[in-house]
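Novice: There's a structure below that I have some questions on.
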Amino acid sequence: ASLSMFESVSHTLSAVEDFQKLQEAKEVLTDEKKRKNYDLWLRSQIVIPFSEWRALSDSVKTSMHWAARTKKEPMLEAAKDPDPVTLEENPSEPSLPSSKTSSDHWHHRFRWAGEAPSGLLQKFRNYEI
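Residues 1 to 129 in the UniProt record's numbering are what the sequence shown lists, from first letter to last.
Right, here's the structure in full:
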């Protein structure tokens with residue numbers, strides 16, 4: 001009998017916790033200022049709970065953009081033909097190609113490096129230098 005009573009109390013506590021979480025979610029999502037703060041936290045992809053994020057001062061949140069992400073996502077899609085021989089400047093090309101070929105030409109010639117930040121850059125971002 002005491003075991004079933006314990007299970008009943010445990011189930012009731014779980015239901016109360018679930019209700020409190022739902023109530024908090026409703027408050028955040030229906031309040032414009034809280035929702036904006038929640039969206040900022042969500043976009044930051046920081047690995048602390050939202051409740052801790054809310055407790056941080058605005059100055060800390062503002063400086064979060066310096067944080068380096070562990071997984072690098074490419075900013076640009078890879079070119080279709082990355083053959084370096086075709087990317088070299090061809091002397092037979094006209095000096096001012098048409099706008100469509102010009103954009104294609106520059107797209108193939110310049111690429112952003114997806115390398116991890118150097119130690120010096122990390123120190124700069126962390127205000128250590």
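Glycine is no exception: its CB is placed at the ideal position from the N, C-alpha and C atoms.
If you check the beta carbons only, do Y38 and V47 fall under 9 Å apart?
Specialist: The beta carbons of Y38 and V47 sit no closer together than 9 Å.
Novice: When we look at the beta-carbon of S99 and count the other beta-carbons within 10 Å, is it buried (16 or more) or exposed?
Specialist: Caution is warranted here: a pLDDT of 48 is assigned to S99, below 50, making its placement in the model unreliable, and the coordinate value is therefore given only provisionally. Under this definition S99 is an exposed residue.
Novice: From what residue to what residue does the alpha helix (DSSP H) around S118 run?
Specialist: Per DSSP, S118 belongs to no alpha helix (DSSP H) and is neither H nor E.
Novice: Mapping DSSP to helix, strand and coil, what is E52?
Specialist: helix
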